[in-house]
Amino acid sequence: MITFITIDDNDDGYTDADDRERYQVVEPGKICTIDEFQCVSGECINRNAYCDGKPDCPDGSDEVHCHPTTQEQTSKPVT
69 MITFITIDDN DDGYTDADDR ERYQVVEPGK ICTIDEFQCV SGECINRNAY
119 CDGKPDCPDG SDEVHCHPTT QEQTSKPVT
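Residues in the sequence shown are numbered consecutively from 69, following this note's numbering.
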């Protein structure tokens, strides 16, 4: 059995009418270990790669629901 999932194109957290009709095939029956994150497309990646600021899943799902990182200020503010 092959499973199709719809992709949330506008990153609002919902797959709805605003999203284009785009699908990905999910590999059925694949189970990741406790040290892995399962990508939406079915692949398993190292859990340390989840929300690390660079997409490691082929579909980028490991970075989709991550909070933006805070960057340190490198220059003095103008007063």
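Glycine residues also receive a C-beta, built at the ideal position from the N, C-alpha and C atoms. Predicted, not measured: the structure shown is a model, and the values here were computed from it.
For residue i: DSSP bridge partner residues
i: Asn114; result: Glu104
Proximity of residue i and residue j at Cβ, strictly below 7 Å
i: Asp127; j: Cys100; result: no
i: Tyr118; j: Asp130; result: yes
i: Lys98; j: Gly110; result: yes
i: Asp120; j: Ile113; result: no
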